[in-house]
Structures are given as structure tokens and as C-alpha cells.
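In our numbering, each residue's number is its place in the sequence shown (first place is 1) plus 234.
Glycine residues also receive a C-beta, built at the ideal position from the N, C-alpha and C atoms.
For clarity, every value in this text was computed on a predicted model and none was experimentally measured.
Just below is one structure, and these are the notes that go with it.
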Amino acid sequence: MKGISYSRYGGPEVLEYGEVRDPKIGPDSVLVKVRAAAVNPVDWKARRGCLDGVLDTVFPVVPGWDVSGVVVRPGPSVTEFSVGDEVIGCVREDFLSRGTLAEYVAAPVRTLARKPRNLTWEEAAGLPLVGLAAYQVLIKALQVKGGEAVLIHAAAGGVGSVAVQIARHLGARVIGTAGEANHDFVRSLGGEPVTHGDGLFERVRGLAPEGVDAAFDTIGGDTLKISANLLAPEGRLVSIADADAVDYGGRYCFVRPDPDDLTHLAELAEQGVVSVHVSETYPLERAADAYRSNEEGRTRGKIVVTVEWEREEMAW
């Protein structure tokens with residue numbers, strides 16, 4: 235099959251388009267014909283070797299965790315899905331090797347849910363990882379409640395934009411950091427935008443003089459420290475970017491695939507609570523350009539890679 239792969243750590247220049255090995259479908263997996271796959275920062279951080287101390291790497295690696303597509307073959311023990319089912323998934327395994335930037339992916343059923351019917355393939359592909367991160371932090375780790383003030387960083391990005399929508403759905407007041415060019419976008423999601431950078435502490439304190447009840451850090455470093463100092467006396471702090479959150483009395487969370495959480499996200503999407511903004515799309519053969527764009531760090535919403543698809547391929 236055709237796909238993207240890399241055989242050594244490095245920048246986008248190590249990504250190659252061409253023939254990659256066909257996936258084998260284990261007993262608890264399904265073969266998914268990929269319609270679209272989203273680009274995430276964790277993908278290129280893994281490609282640069284940043285996860286080498288956490289995950290075994292089996293070269294060549296097909297990158298990508300997010301996917302939307304169609305089930306073409308279920309494994310022998312699978313009862314959850316049938317041929318023709320439209321699915322989304324955060325197809326992360328405990329090693330790096332067989333990702334979603336290819337024509338097909340073998341996806342464990344624990345990583346999948348049914349595709350929201352009202353989302354395009356591109357929008358659906360952009361939901362799993364960022365949606366799970368936002369959902370698991372806001373609902374499980376921070377336990378956000380109605381009436382609370384929540385600070386969400388990079389509120390125009392993939393995780394942040396979904397987090398703003400979920401927090402608003404929970405009845406919280408949302409203060410979201412973003413560049414000035416994205417302030418209207420953050421407002422459209424229901425957040426109150428503040429500009430990131432010098433003076434951030436004073437700007438947020440001006441909006442929430444008594445501090446915020448919860449802070450969701452997606453950047454780390456100085457932003458994490460500022461977030462900790464902006465908390466109300468009983469405020470809670472979670473970071474998905476910096477494990478030093480524990481030094482400030484907070485928590486560090488790493489997103490995990492969860493079919494129940496993903497199903498709840500799909501339901502929120504079908505209810506119109508959560509939408510996915512796709513800012514750019516690229517064909518599979520130009521995936522390296524998609525990553526170059528994402529690595530610039532100014533993505534609004536999601537960047538998605540699309541895969542050509544013909545109905546007759548269902549017989550694969």
C-alpha cells in the first residue's frame with residue numbers, strides 16, 4: 235500500500251512517500267481504509283526522537299495516530315464493528331511503527347468509535363486525539379463545574395479549541411490565550427480571548443481578580459508557572475505539555491485512547507456541542523508539507539491529510 239514513513243529520526247525531510255508494508259490484523263483489531271488522518275504535534279515530536287525514552291520505535295515508522303475511515307475487515311474476535319462501519323480513532327499503540335498516514339491501518343478496537351454522522355471525513359479525523367485530551371483533562375482531571383472560571387492556553391489550537399467548547403458546555407466561564415489574529419475565533423467558540431506573551435498574568439488577573447478555578451496548560455515552561463500563580467486558593471492545574479506541573483501542585487496528563495470517551499465526544503459532535511475547525515488539508519503524498527506547517531506552531535484548529543479512496547477498494 236502507499237503511505238508515509240521514516241527510517242530515522244529527524245525533521246520533515248526524513249518523511250518519504252511510497253510503498254509501505256501492508257498491515258496485519260490481529261484478533262482484537264480491524265482493518266480501516268483511511269479517508270483522512272490528522273496531524274498532531276506529538277507526531278513530529280516522536281519523529282524527532284522525543285518519545286524514544288517512552289515508546290519503542292520499530293523502523294520504518296508510519297506516523298500518525300488520528301484517523302477517520304471505513305472498516306474493511308474485522309479481526310476474528312471483534313464483535314464491535316462490521317465491514318462498512320464508518321469509524322474514528324486515536325490509534326496509538328505502545329510502540330511507534332504502524333500509524334495512520336497510509337491507505338490502510340490496523341486499529342485495535344480499544345482505539346475506535348463510530349464516526350459522527352454530521353462531520354466530514356476531514357473534521358472527523360481531527361477530533362480523536364485533541365478531543366480526548368480536552369475531554370479527559372476537563373472532565374476527569376480538572377472536574378470542571380458550571381460557574382467556574384477556567385483558563386485554557388492556546389485556545390485557538392487543536393486541543394484548546396475543543397477544550398473551550400467542552401468547558402462552555404459544562405457551564406464554565408472560559409478565558410483563552412491566543413494570538414490577536416485568533417481572538418475572534420476564540421470568541422466564536424464561547425471564550426474570552428487574552429493575548430499570550432508579556433503581561434499575560436496581569437491581563438488574566440484583570441479578567442479574574444480572584445483567580446481562576448482551573449487552568450489547562452498546553453504549552454509548558456513559563457506558561458505553566460504563570461498558570462499556577464493565577465489559580466484561586468482552591469484552584470486546580472493540569473498540563474499536557476510539561477510534567478513539572480506536579481511541582482506546582484498540579485497534574486500532568488498524557489492522553490490515552492478510550493472508546494467510551496471517544497464515543498461521548500462523537501455524541502457531543504452530533505449534538506452540535508463540539509465542532510472541529512480544519513484550517514488546511516493536504517493529499518497523502520504531501521504529508522511532509524502538512525507537518526512543516528504544523529511545526530510552525532500557529533495552526534488554527536487542525537491540519538488534515540486526505541487519502542484517495544474508491545468504493546471498489548472495499549474488497550481489499
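Item, Value
"When P493, R526, Y525 and S527 are compared against G365, the one with the closest alpha-carbon", "P493"
"DSSP three-state assignment for G303, whether helix, strand or coil", "strand"
"Helix, strand or coil at K236 according to DSSP, with G and I counted as helix", "strand"
"Short CB-CB distance (under 8 Å) between R348 and chain C", "Among the chains of the structure shown, chain C does not appear; only one protein chain is present."
"Own chain, CB closer than 6 Å to H430, minus 5 neighbours either side, in chain order", "T411"
"For P297, three-class secondary structure by DSSP", "coil"
"Cβ contact (3+ pairs, closer than 8 Å) linking the segment 496-504 and the segment 342-357", "yes"
"First through last residue of the alpha helix (DSSP H) which encompasses K459", "D456 to N463"
"E327 - DSSP class collapsed to helix/strand/coil", "coil"
"As assigned by DSSP and simplified to three states, the class of L335", "coil"
"Proximal residues to V512 (C-beta, below 7 Å), its chain only, five neighbours per side dropped", "E356, E357, G360, G535, K536 and V538"
"DSSP state of D319 mapped onto helix, strand, coil", "coil"
"Closest residue to L464 among L434, L265 and G454 (Cα-Cα distance)", "L434"
"Continuous beta strand (DSSP E) stretch holding R348: start and end", "L346 to R348"
"Within 8 Å, strictly: CB atoms of T497 and A475", "no"
"Beta-carbon gap between E473 and V343 smaller than 8 Å", "The amino acid occupying residue 473 in the given sequence is Ser; Glu does not appear at that position. It is not a contact, given that the beta carbons lie outside the stated cut-off."
"DSSP bridge partner residues for F488 (one or two, in chain order)", "Bridge partners of F488: none, in fact."
"Terminal residues of the alpha helix (DSSP H) in which R437 lies", "L434 to L441"
"C-alpha gap between K236 and T345, whole angstroms", "23 Å"
"Own chain, CB closer than 7 Å to Y243, minus 5 neighbours either side, in chain order", "R281, R282 and G283"
"For S395, the first and last residue of its enclosing alpha helix (DSSP H)", "G392 to H403"
"Reference Q370, options V489, V292, V276 and T533, closest by Cα", "V489"
"Distance, A406 Cα to A524 Cα", "34 Å"
"Reference V378; option with closest CA among T334, P443 and L471", "L471"
"As assigned by DSSP and simplified to three states, the class of V539", "strand"
"Candidates S316, A271 and P362: closest to E337 by CA position", "A271"
"Within 8 Å, strictly: CB atoms of F329 and V292", "yes"
"Beta-bridge partners of L471, as assigned by DSSP", "A449"
"Anticipated Cβ contact below 8 Å, E269 with S302, distance rounded", "Strictly speaking, residue 269 in this sequence is Arg, with Glu absent from that position. Correct: roughly 5 Å between the Cβ atoms."
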